[in-house]
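Note sheet for the following structure.
Residue numbers (full-length UniProt numbering): 1 to 125.
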């Protein structure tokens, strides 16, 4: 026969422990709710950022194609040139267009990046 020692927890202490467990559970539930909301917001931001990155990549690719086409066009004109003066004029025109294209493309890329950044920025609230 084993002797069991009675271990009575006074009712006020039991109530306090029960209340503490309830408070801890509520705090954990609140934490999980806030965490899930943060994850959803992050996922939304990631999708927005990803969409912005895709826009930037598409625009960069379009600019690359435009620049390569300009280079090939210039090369074809050079091959057909018959005088040094014509080559010089073609070179000058090509450089002027390249500077103009670079300026326009830089402006366009800055607008696309700015739009993507503002769309990805966290909204208040």
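Ideal placement from N, C-alpha and C gives every residue a C-beta, glycine not left out.
In this text, all values refer to a predicted model and were calculated from it rather than measured experimentally.
Report the rounded CA-to-CA distance for residue i versus residue j, giving the unit in angstroms.
i, j, result
"residue 64", "residue 40", "36 Å"
"residue 115", "residue 67", "24 Å"
"residue 57", "residue 82", "40 Å"
"residue 30", "residue 22", "12 Å"
"residue 16", "residue 120", "47 Å"
"residue 110", "residue 33", "38 Å"
"residue 145", "residue 103", "Nothing in the structure corresponds to residue 145, since the chain is present only between 1 and 125."
Which of the three DSSP states is assigned to residue i in this structure?
i, result
"residue 81", "coil"
"residue 10", "coil"
For residue i, which residues in the same chain have their Cβ closer than 7 Å to its Cβ, ignoring the five residues on either side in sequence?
i, result
"residue 77", "90"
Whose C-beta lies closer than 6 Å to the C-beta of residue i among residues of the same chain, with five residues either side of it excluded?
i, result
"residue 94", "74"
**Report entry** Segments assigned beta strand (DSSP E), at least 3 residues, entirely inside the UniProt domain "Phasin" (30-121)
**Finding:** You should have found no qualifying run.
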